[in-house]
Structures are given as C-alpha cells and as structure tokens.
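These notes concern the structure reproduced below.
Following this line, the structure appears as structure tokens:
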C-alpha cells in the first residue's frame, strides 16, 4: 500500500475508523502473529518457570540513525534487558505516542524494523497502543515497549552476584551508539563512519547460558556506558573492579571522535554491547562462544572483580600504573580549553 | 588547558583544511600555519591547526633519552 | 608516519620511569602549569611512579579554574537579561557563578549552545541572524587565536549579531608569580606550540628552570625524567622535550592575528587575584564585537565561596586533601572552589582519579 504523503492526524488517535485504518495499514501488517490481539489484552499460554518482565521508554533524536532507528532500538532495548536476566524473550507489547503530522511512510519504516528485529530475537509482539498527540507536544514519535521472558531454572544473574576473582567481559567494542548519535546530531562538525551497535543480543546470551548457566552478572551498557554500569555493579555487589585499559575494545573512529571532543568512550552509551561477569575458569569458554555469534564477535575480557577497592573501578594503564576510573558525572560535555 | 589531537591533513583549501584522526574528520582553520600540505600531521585545538608535527613520539623519546637520560 | 606508540612501553619510557621512580636527593618541586597535563598525569597514574623526593604541584593553567565567578555572572546576565544566545565550550557549562550556572539557566529556558570551536560559534551567528550570539572567549595562548579567527570571519562577513565575552589569559605573568613555589615548570606544550620558546627563555634568564612537555605517556615520562636529570646538575635549565610539536618560533601567524584584534590587559585570576598584563581584551576599534561594551554590562563583583583553599592549592601551598571542604562540601557535582569546577582542576582530578 502506498503511504507516501500521508500523515498521522489527531483523528487517527480518536478511536474510530481512522484509528482502525492506522492499525490495519501499519501495525497489523507487520506485527501479525497468532497472539497479536485486537481485543483489550493478549491471551497467552503460560510459560513454565520464573518469568522476567521489564519496560522501557524510547525517545531518541534523531529517530533514524546510522545502524538503526527508534523502532529497532525499542525492541533491542527490551529484549536485551530481558536477556540480562537470562530470560528468553517471549512476548512484547508496544505503546506509541505519535506527533500529529508524522508521515505514515516513516512510521511504517519504524514498525517494519521492529518486526524484523523482533523476529531475529525470537520474540512476539502481542499487543500495542497508539496515541496521537498535538503538534509540538511530543517530538515525532515516542515508543514504550514492555517484555516478558522466561528464565531457565539454573540461571540466576544479578548485579549482586559479582564475586571477587570473576572475569569481566564486554560483548563488543564500546561507546558506538552514543558516538553515532553525537555525530548524527551534527553539533560539532565532525564526520566519521560510526554506526550504532544497536542489536538484539538474546541469541548470544542464549548460546552462552546453554554452555555456562552460572554466569553471575549480565548488564546492558546503555545510558552512561560501560563505566557507569560497572560502578552500579560495584555498588550492588560490594566488590571492586580492576580493568586493563589496553584490553577495552574501542573502534578507532570512536576513539578519534572522543579525542577531538575530550570525551571518554567508557561513558558513551552502547545499545548492542553487554557487560558479562563470569567465574574466572569459564571466561575463555564464554569468550569463545560469544565470538562465534553474530553481534558479539569482538567480545573481550577487560578485567576482573576484586575485593580490595570496594565500590571502585580501578584502571591499570598502558604504563603499568593504577588509577581510578572517574565516577560517572551527569551530562557528557566536550572538554576543549 | 589545551586539549590537542594529532591528525593527518587530508585536503587544504583557502585557509582551511580537512583533517583526519583515526577516521574522525573535521574541517579546521589552516590560517595559523603556512604551507600546509595533504599528508602533513598537525596538532589540532579548538578548530584550528596550531602546529605541524615533525617527528613521531617514539623518535622524540629516543632522541631525548640519548641526549639527557643515558 | 605513525604518530603514537599505541600504549607500548618502549626502552626510553622504561628508562624515564626508572629515573623518576628511583630519584633520591633534595626534594624537587615540579609544577605542571597546564590543566591538561594535570588531567593526563592523573589519568595515566604517573603520580604513583614518582619518588617520594619529587612532588608535583598542579598549577594555574586551567582556564575554567582561574576564570572568576563574575565572568559566569556576566554570561548569565547576557543570557537572561539581554536574551542572548550563549555559545561556549562544554567546559564552562557547569561552572557555578555567584547564584547560578549556565546549565541551570538552560534548564529555565536560556539559549546555551556548546561548540567545539569559536569558528563554529561565528557560523552559528551567521546562520541565525535573528539571535544575538555571544561566544564565551576563554583560554590561553593556544585557544585565543581561534577566537580571533572567528572574529576576523565575523568582521569580513559583516556579521553584526556576533560578539565575544573575553576572559582570555596569558601565561608569562603567572610564570613569574609562581616561580618561588616551585623548582621547575613542566611548561604547557600547546601554549608553547603557539608562542615558541621565547617566554620560557625569559624565565630561564630569571633563573627559573623548566621543560616543555607533550601530553602522551612517553612525553610526560621523558619530560619529568629530563627535569630530574637536569635538576641534579644544579644549573637553571630549559629543555624542549616536545620538539615534534613545539618549534623555536611557534606560530607567528597565530600571534599576528591575536595582535590584530586584541591587546594585553590586567586580568583577575580566580584563586590568585589581579595580575598586570595577564589577560587579553578586544582592541577599541572592535568594541562592537565586545559583549561587555555592546550590551553595556555593569561591573559585577562575584561572590567567591568561603573556606575554600583553591588559592593555596594553585600555589602548591597545600594539596586538595588538606582543604576542609574537599570531598565533603566540595565535589565535582557540587563544586565550591575553582579547582573542583573543571575536570582539569587539581581538586577534581584528585577526587576523580584519587587512587594516587
């Protein structure tokens, strides 16, 4: 169906014929699966075992960026949150708040990448909601996704579970999403080939947990990046970290952008990179499994958990010294003068 | 005080230059240096190339060691 | 040419590290003048390598730290009372003035835009003719030329809605003011890249030693080792340990463009006080581009916080940890004093990287 030139109007949110048209033309066309409901709630078979449930709201400017868009992001974010608990993502709901005047074809593009990403992660979108807000009341489109997953009996991941001696891994190079968004906003005139790492990581996590169910911690390094996440885990577990500066994978172009702006990739957001903390004797095995998987080929061991500097992240530098990784601050600001 | 980044000059035109630092490119002012050429390495600060880089770090360290540190 | 060693420890680096670690003898006080040096020395953990007989003092070369409270007050006044769009380096956004900061005012609707370069600020003004744009022109000899290029562009483009709020500073007065607190300067490499070695030579004539240093691990290690070796010889010395970037005559083009638009003036340094010929202001013929004159700003006497020992820290008379406010009332999230406000300030570096 040709959606060119068509835009979302307040009538599309009023619940009548036009709402049905929007749902039919855009959402149903893509989200179709046996559980997707037109009723007030999806009715689903009860999974065995413990379930994990999470929700996340997505606002991103720009909505389309190198390597993804807000739709892909909204699926990855929730799938990865579930994956961090070791939960196989089963069902997802999504709520849209759309600005009046938003083009149908762009909305369709967003919804289509949601479908594709959900399929890759093996999760079903079972219910949705759309609201249309007046011009200027929202910026384009906001999406909230809620997900339910099921956790295998042997799996128990939590920030509290980090143990001294454990190895710390990242599943890929760090800070790429944050850097990509910074470049897309084009506030600093810098040009670099950096695409967002935005990806659904359940398949990688699943592959690891099948072989090594006793992974202690999995955390997605989204807002605030790997540095912020490690400080969170340090606080939750009462442990410390020692990292090897040179072993932290950073895309050279991300390094170049950070160099120009005086930023540290340790605090830039990732949307397809997890921090994993595993028993030391399992680290090589986990690393090898991750490197076989599609989105985690650049996984690396970056350090280990300690019981000496509780609550702190210590960095071992290229010249063999130790410093603290600075505690994450509030807003990332370029440092120039 | 003065965060600087070394970068390679890719193009020069009329008082400005495109520089590249590991794949990150930006236009900077070339007005503070005479006769910049593509391929030169420069130190970039706050949007201007402030100095040409004339040797690499390792040679510099070796020279200093030979002269002062042996 | 590969520019960096990529983190490997080379023979020269190991030798330099041994020299600064194993030194025994009369205490050597070294002042790293430059805030970027302070930051990199902490980030690389170099303090932990130093022998007990070497002390590093973090000097006044962080433009954000030495910019007086009243400057932020002026910027806030321009944003609020005069409705100007403020264009600034990210470094200044969080700095508290007497009552508020640019970050807080942005939250209340003030237009504050972070730029990478003063040149970008001029372009912004050109593209937004209906906004009155003020660039917060801070920085030392390295940064000032970029402000002047921006101004030159504005003059030649005939841009009437662009002006500078100047607090640019120059180092020589500070070099002279601090010389009794230290045995040798680690001279700021990028200031020297622009100015050449002349200012350092004048200090040598006054008997003050120093080494011009770069910013990477090998550069900082070798520069410190050269200081230790030359100090032991007993004579005042000056060594350029950053010759790949710092050349004898610096950038005459940079000095010429600064001279065209600016002239030296007395300037107030937070934590130190007023110093003659330590700042730069716009020449009278460019008064139309001087935000203070253009918007007829009143003289503001900023309120410095009490109890803060930043002045002593900057002069090496105490370390941040000796200050009663450090880490308690004064943290990077709630900075009280000058040295905590910038990530390049001594107190902020001590707090954030504090293992050493």
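Residue numbers (this note's numbering), protein chains in the order written: chain A, 202 to 538; chain B, 10 to 79; chain C, -12 to 343.
By construction, the Cβ of each residue, glycine as well, lies at the ideal position given by its N, Cα and C atoms.
- Task: Pull up the CB-CB distance for residue 395 of chain A and residue 381 of chain A, whole angstroms please, since I reckon it's below 8 Å.
- Result: At roughly 5 Å, the Cβ-Cβ gap stays under 8 Å, so residue 395 of chain A and residue 381 of chain A are in contact.
- First and last residue of the beta strand (DSSP E) that includes residue 343 of chain A? Counting along the chain, the beta strand (DSSP E) containing residue 343 of chain A begins and ends at 342 to 352.
- Whose C-beta lies closer than 6 Å to the C-beta of residue 98 of chain C among residues of the same chain, with five residues either side of it excluded? Counting only residues of its own chain and dropping the five nearest sequence neighbours on each side, residue 98 of chain C has a CB closer than 6 Å to the CB of 72.
- alpha helix (DSSP H) runs contained entirely in the region 45 to 87 of chain C, provided each spans 4 or more residues: Runs of alpha helix (DSSP H) with 4 or more residues, each lying fully within the region 45 to 87 of chain C, are found at 50 to 53 and 56 to 67, listed in chain order.
- Message: Closer than 7 Å to a non-hydrogen atom of the ligand ZN - does that hold for the CB of residue 142 of chain C?
- Response: In the structure on display, the ligand ZN does not appear, and there are no ligands present to speak of.
- Message: Would residue 28 of chain B and residue 57 of chain B be called neighbours here (beta carbons separated by less than 8 Å)?
- Response: For residue 28 of chain B and residue 57 of chain B, no; Cβs fall outside 8 Å.
- In three-state terms, what does DSSP make of residue 208 of chain C? Residue state, collapsed to three classes: helix.
- Can you find a C-beta in chain A that's less than 8 Å from the C-beta of residue 48 of chain B? Taking Cβ atoms only, chain A never reaches closer than 8 Å to residue 48 of chain B, which makes this a no.
- Task: List the residues that DSSP assigns as beta-bridge partners of residue 267 of chain A.
- Result: Paired residue(s): none; residue 267 of chain A is not in a bridge.
- Query: Just the Cα atoms here: how many angstroms apart are residue 206 of chain A and residue 259 of chain A?
  - Reply: Each residue's Cα considered, the two are about 25 Å apart.
- Message: Please report the straight-line C-alpha distance between residue 60 of chain C and residue 86 of chain C, rounded to a whole angstrom.
- Response: Taking the straight line joining both Cα atoms gives about 8 Å.
- Query: Name the chain B residues that come within less than 7 Å of residue 0 of chain C, Cβ to Cβ?
  - Reply: For residue 0 of chain C, the residues of chain B that pass the 7 Å Cβ criterion are 70, in the order they occur in the chain.
- Give a yes or no on whether the C-beta atoms belonging to residue 507 of chain A and residue 443 of chain A are separated by under 8 Å. It is a contact, given that the beta carbons lie within the stated cut-off.
- Item | Beta-carbon spacing of residue 254 of chain A, residue 352 of chain A below 8 Å | No, they are not a contact pair.
- Item | residue 259 of chain A: first and last residue of the uninterrupted beta strand (DSSP E) it sits in | Start and end: 251 to 259.
- Grab the span of the alpha helix (DSSP H) containing residue 406 of chain A for me, first residue to last. Annotation for residue 406 of chain A: the continuous alpha helix (DSSP H) segment containing it runs 403 to 412.
- Query: Excluding sequence positions up to five away, which residues of its chain have a Cβ less than 6 Å from the Cβ of residue 27 of chain C?
  - Reply: Correct list, in chain order: 202.
- Among A:247, A:389, A:373 and A:435, which residue has its Cα nearest to the Cα of residue 509 of chain A? In this structure, A:435 is the residue among A:247, A:389, A:373 and A:435 with its C-alpha nearest to the C-alpha of residue 509 of chain A.
- Counting only beta-carbon atoms, is residue 106 of chain C nearer than 8 Å to chain B? It does: the Cβ of residue 106 of chain C has a partner Cβ on chain B nearer than 8 Å.
- Buried versus exposed call for residue 475 of chain A [16 or more other C-beta atoms within 10 Å across all chains shown]: Here residue 475 of chain A is buried, its C-beta having at least 16 other C-beta atoms within 10 Å.
- Query: Taking all protein chains shown into account, do 16 or more other C-beta atoms lie within 10 angstroms of the C-beta of residue -11 of chain C, making it buried, or fewer, making it exposed?
  - Reply: At residue -11 of chain C, the pLDDT of 39 sits below 50, so the modelled position is not reliable; the number obtained from the coordinates is stated separately. With fewer than 16 neighbouring CB atoms inside 10 Å of its own CB, residue -11 of chain C falls in the exposed class.
- Task: Take every Cβ of the region 396 to 412 of chain A, pair it with every Cβ of the region 11 to 20 of chain B, and state whether three or more of those distances are shorter than 8 Å.
- Result: No contact exists between the region 396 to 412 of chain A and the region 11 to 20 of chain B.
- Short Cβ contact (8 Å threshold) for residue 437 of chain A with residue 376 of chain A: Taking the C-beta atoms as reference points, residue 376 of chain A is found no nearer than 8 Å to residue 437 of chain A.
- Can you name, in chain order, every residue of its own chain whose Cβ lies under 6 Å from the Cβ of residue 478 of chain A, other than the five neighbours on each side? 363, 367, 369, 417 and 418.
- Is it a yes or a no for the region 41 to 49 of chain C touching the region 244 to 252 of chain C, going by three-plus beta-carbon pairs under 8 Å? At 8 Å Cβ cutoff, the stretches do not touch.
- Item | Proximity to residue 22 of chain C [Cα-Cα], best of C:331, C:34 and C:183 | The residue with the shortest Cα to Cα distance from residue 22 of chain C is C:331.
- Item | Own chain residues within Cβ distance below 7 Å of residue -8 of chain C, not counting five before or after | Because residue -8 of chain C sits at a pLDDT of 45, beneath the cut-off of 50, its placement in the model cannot be relied upon, and the point is left open.
- Task: Give the C-beta separation of residue 74 of chain C and residue 100 of chain C to the nearest angstrom, bearing in mind that I take them to be a contact with Cβ-Cβ under 8 Å.
- Result: At roughly 5 Å, the Cβ-Cβ gap stays under 8 Å, so residue 74 of chain C and residue 100 of chain C are in contact.
- Item | Under 7 Å by beta carbon: chain B residues contacting residue 461 of chain A | Going along chain B in sequence order, the residues near residue 461 of chain A (Cβ under 7 Å) are 14, 30, 33 and 35.
- Below-8 Å beta-carbon distance, residue 125 of chain C vs any chain A residue: Yes, because at least one Cβ of chain A sits closer than 8 Å to the Cβ of residue 125 of chain C.
- Task: Count the other C-beta atoms from every protein chain shown that fall within 10 angstroms of the C-beta of residue 188 of chain C, then say buried if there are 16 or more, exposed otherwise.
- Result: Exposed.
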